[in-house]
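Participant: All residue numbers for the sequence shown refer to this note's numbering, where the first residue is 129 and numbers rise by one.
First the structure, then my questions, so here it is.
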Amino acid sequence: MGRKSDLRAEIGRLRGRISEYQRNISDLLSRSERIRSKYNEIDFTNRRESVHDSARSGAWTGQLNDEMQQRQAVMVQSTSGRLNEVVSLQQDIQNAVNKLRHMIDECNAQISNLEAIIASLD
């Protein structure tokens with residue numbers, strides 16, 4: 129009876145790990161979605177063209193328009209590098225999720241093996 133108890137306890141520990149891994153996956157995917165949403169907002173802003181063309185309103189407003197476009201170009205350039213880092217972070221998160229899923233599969237395989245051993249002891 130002690131061997132079966134030990135095997136069942138191990139199955140319980142493995143199921144606990146699976147639950148922990150699933151919580152971690154859920155947390156990572158939730159955070160990833162928030163990051164993706166913020167990324168999309170910034171990327172959309174960077175890709176958006178100026179909708180106000182004041183060039184025909186006179187020389188002074190034309191100069192303001194040129195200055196605004198130059199500043200926008202600087203902002204886009206400075207955020208582009210950070211957006212690339214975010215893409216890398218998203219890939220790292222997806223790799224972590226894939227690794228956790230693989231670990232869940234391994235735990236499930238171990239549980240199946242332990243259940244087969246328990247069945248053979250009956």
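Beta carbons: idealized from backbone N, C-alpha and C, even for Gly.
Predicted model, so just to flag it, every value in this text is computed and none were measured.
Might you give, ordered along the chain, the residues of its own chain that have their beta carbon closer than 7 angstroms to the beta carbon of isoleucine 170, omitting 5 neighbours on each side?
Facilitator: The answer, listed in chain order, is Thr207, Leu211.
Participant: Determine, for glycine 144, whether the minimum Cβ-Cβ distance to residues of chain C falls below 8 angstroms.
Facilitator: Any reference to chain C falls outside this structure, which holds one protein chain only.
Participant: Counting along the chain, where does the alpha helix (DSSP H) carrying aspartate 134 start and finish?
Facilitator: First-last of the alpha helix (DSSP H) with aspartate 134: 130-175.
Participant: State the CB to CB distance for the pair isoleucine 239 and leucine 142, rounded to an integer number of angstroms; the pair is presumed to be in contact (CB under 8 angstroms).
Facilitator: Correct: roughly 5 angstroms between the Cβ atoms.
Participant: Which residue wins for smallest C-alpha separation from leucine 157, given the options Gln219, Leu242, Arg145?
Facilitator: Residue Gln219 is the option with its Cα nearest to leucine 157.
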